[in-house]
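K.L.:
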Amino acid sequence: MKIAAPKGTRDILPGEITAWQHVEQVFAEICGRFGYQEIRIPTFEQTGLFQRGVGNTTDIVQKEMYTFEDKGGRSMSLRPEGTAGVVRSFLENGMASWPSPVRLFYNITAFRYENVQKGRYREFHQFGCEAFGASGPAIDAELISLLQLYFQTLGLSRTSLHISSIGCPVCRESYLEVLKKFLQPHLDRLCTDCQERFVKNPMRIIDCKEAVCRGITRDAPAQLDHICSDCQRHFQGLCDNLDSLGLDYIIDRKIVRGLDYYTRTVFEFISENVGTQGTICGGGRYDGLVAAMGGPPTPGIGFALGVERLLMELAAQRVQLPQPAPPTVYLAVTGSMEQQAASLCFALRRAGVRAQTDLLDRSLKAQMKHAGKSGAQFVLVLGPDELAAGTTQLRSLLRENVTAVVRLADLPDLLCGLQDRPAAEQDKIIDDYASTSAI
RNA sequence: GUGGGAUUAGCUCAGUUGGUUAGAGUGCCAGAUUGUGGCUCUGGAAGUCGUGGGUUCGAUUCCCAUAUCCCACCCCA
């Protein structure tokens, strides 16, 4: 049997790894500015954690978890998302007694057994933030501003922010009555999925994509218009905060969430470049979650950002991302001088220089070819003559007529100075060296 | 779980109305008079034509199944 990567997983190869490192580093840096601290949680947890924390009735838990029994007979599951594990850690480590609000961020892989399509994988990466202990709308706006700053710093534009409020358990109850009353007369015209939803989860009917259902729900009452006065005040506060921060948003009555402990603020960053999965980042408030998991009543809010989708969006918007750094210098070796070349190469590397040399006993011509293809900026030849004289010619592979005769002993300092400098500065450093070295 | 398209060299793809040793481009390796890349030329390695069955004298080609990839439904980041 041929071994291949499991369906829905993929290798991240050296050519793209710098893009990943970049989005990771910028995310960590921005989070740090906002006071969010990194947390690392287990890749798998007791299955019961996700049943409670994600919701036993959700598709994620019912159909999509990688669940297995360990050798002790305990049911374990690979995490399908990050929030449940973070909340578990929050409780287990007594973070309720830490100074409030507790702000955490994470960078994880998550696993869902789903059919694969654009922007959706079985193993995928998420960045996320969770903030515990702040109930007012200020932290909602702060979290959204963190994301805006992050996207802006990466160079992303044209990604729209959609917000809404899904109220609290109290006002949701009465809204469901209103919604059901509205839908009842049209029930037989809804699609079969929606007829099931009418019993299971009526709110989902609102974002059904069937034309018939869309026609019916166009004038359906929206959750946002049926929230209680406390929830209204919270949502208004969020809008005011976003306005004063100068952040644009779209009030989107069609955003829905299924679970009881998701409350009030919901938001999504949506793009048109990630297939039908337009959501790059989804978040919201979960004031009931910590209590539902057995902790003290603690308000919380968070988001999860799909890294693969983010990178797709960056590519679609043609944002330039860092490329792997090529070697600064390639040492071509002739005349059985491999040992001496290797020790000079090591000296250069100790000095901080990205240096490569031939290890395959190739001809000089082949080494030059290889140096050119490696993207090395400079090349120098090391043979019996050079070692006897203690000097070699340093030559640019990128620019004509940029050369200098260099003492072997000066190479580490000189190349360290040249590394990652603009061409003009490199030329000047080489000129200065040539005029002062007196060779 | 459901539906559509795809699968031939490391990569991007031709091709065979079913017929000897299956092709190109690119990449890789080597060479074009003795120690200097990129351009050009020459040569080489590399494919059980996704896998398993079936039809046939003969299958990479036709049929069935299956796997994987891409896209969509469901759902979600």
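Residue numbers for the first sequence follow numbering that gives the first Met the number 0, so the first one is 0 and each next one is one higher.
Cβ atoms here follow ideal geometry from the backbone N, Cα and C, with glycine treated the same way.
Quick caveat: nothing in here was measured; it's all calculated off a predicted structure.
#1: Does the pairing of the segment 162–174 with the segment 321–337 give three or more beta-carbon distances under 8 Å?
#2: Where DSSP assigns a beta bridge to Ile-38, which residues make up the other side?
#3: Once DSSP output is grouped into helix, strand and coil, what is the label at Thr-356?
#4: Just mark Arg-51 as buried or exposed, buried being the case when its beta carbon has 16 or more other beta carbons within 10 Å.
#5: Output the distance between the C-alpha atoms of Gln-20 and Phe-43, rounded to the nearest integer angstrom.
#6: Residues in its own chain within less than 7 Å of Asp-139 by CB, not counting five upstream and five downstream?
#7: Could you spell out where the beta strand (DSSP E) holding Val-405 opens and where it closes?
#8: For Asn-92 and Ile-107, I'd like the C-alpha separation in whole angstroms.
#9: Does the beta-carbon distance from Glu-63 to Pro-79 come in below 8 Å?
#10: Using a Cβ distance threshold of 8 Å, determine whether the segment 226–240 contacts the segment 120–127, with at least three qualifying pairs required.
#11: Short check: CB of Leu-330 to CB of Ala-340, under 8 Å?
#12: So Arg-102 and Phe-110 are in contact, right, with Cβ under 8 Å, and what is the actual spacing, rounded?
#13: Buried or exposed: Ser-335, going by 16 or more other Cβ atoms within 10 Å of its Cβ?
#14: Go through the segment 206–257 residue by residue and report every complete run of the alpha helix (DSSP H) that reaches 4 residues or more, in order.
#15: Considering Gln-125, what are the terminal residues of the beta strand (DSSP E) in which it resides?
#16: With respect to the alpha helix (DSSP H) encompassing Gln-45, which residues constitute its N-terminal and C-terminal limits?
#17: In the structure shown, what three-state DSSP assignment does Met-75 receive?
#18: Leaving aside the five residues before and after His-185 along the sequence, list all residues of the same chain whose C-beta is less than 8 Å from its C-beta, in chain order.
#19: How big is the Cα-Cα spacing for Gly-31 and Phe-268?
#20: Taking the C-alpha atoms as reference points, what is the distance between Thr-82 and Ile-279?
#21: Report the CB separation of Phe-33 from Glu-195 in whole angstroms; it is logged as a contact under 8 Å.
#22: When you compare the CB positions of Gly-293 and Pro-168, do they come within less than 8 Å of one another, or not?
#23: Specify, as a first and last residue, the run of the alpha helix (DSSP H) that Arg-349 falls within.
#24: For a quick check, are the C-beta atoms of Thr-327 and Leu-417 less than 8 Å apart?
#25: What residue range does the beta strand (DSSP E) around Tyr-149 cover?
#26: Report yes if the CB atom of Leu-182 is closer than 8 Å to the CB atom of Pro-201, and no otherwise.
#27: Run the CB neighbour count on Pro-136, radius 10 Å, all protein chains shown included, and call it buried at 16 or more, exposed below.
#28: Determine the DSSP secondary structure at Phe-67, reduced to helix, strand or coil.
#29: Within the same chain, show all residues whose beta-carbon is closer than 6 Å to that of Gln-147, passing over the 5 residues directly before and after it, in chain order.
#30: Does the structure place the segment 359–376 close enough to the segment 388–397 that three or more beta carbon pairs sit under 8 Å?
#31: Quick test of your reading: Ala-27 and Glu-37, contact by CB under 8 Å. State the CB separation rounded to the nearest angstrom.
#32: In whole angstroms, what is the alpha-carbon distance linking Ala-370 and Ser-342?
#33: Out of curiosity, what's the CA-to-CA distance linking Pro-298 and Asp-426?
#34: Is it the case that the Cβ atoms of Gly-7 and Met-311 are separated by a distance below 8 Å?
#35: Would you mind sorting Val-352 into buried or exposed? The rule is 16 or more other CB atoms within 10 Å of its CB.
#36: For the alpha helix (DSSP H) containing Val-169, name the first residue and the last one.
P.N.:
Inspection of the coordinates gives the following:
#1: The answer is no - the segment 321–337 does not touch the segment 162–174, with fewer than three Cβ pairs under 8 Å.
#2: Per DSSP, none; premise fails for Ile-38.
#3: strand
#4: buried
#5: 24 Å
#6: Leu-237, Thr-264, Arg-284 and Ile-300
#7: First-last of the beta strand (DSSP E) with Val-405: 402–406.
#8: 20 Å
#9: yes
#10: no
#11: When the beta-carbon positions are compared, Leu-330 and Ala-340 come within less than 8 Å of each other.
#12: Contact flag wrong, Cβ pair sits at about 26 Å.
#13: exposed
#14: 210–216 and 228–244
#15: Element bounds for Gln-125: 122–131.
#16: Taken as a continuous stretch (DSSP letters only), Gln-45 belongs to no alpha helix (DSSP H), being part of the beta strand (DSSP E) at 43–45.
#17: strand
#18: Ile-215
#19: 21 Å
#20: Near 17 Å, if we compare the C-alpha coordinates of Ile-279 and Thr-82.
#21: 42 Å between Cβ atoms; not a contact.
#22: no
#23: 337–349
#24: yes
#25: Segment 136–153 is the alpha helix (DSSP H) holding Tyr-149; no beta strand (DSSP E) there.
#26: At a Cβ-Cβ threshold of 8 Å, Leu-182 and Pro-201 count as neighbours.
#27: It is buried - the Cβ of Pro-136 has at least 16 other Cβ atoms within 10 Å.
#28: strand
#29: Leu-246
#30: The segment 388–397 and the segment 359–376 touch, with no fewer than 3 CB-CB distances between them shorter than 8 Å.
#31: Sure, about 7 Å apart at Cβ, within 8 Å.
#32: 19 Å
#33: 59 Å
#34: no
#35: buried
#36: 168–182
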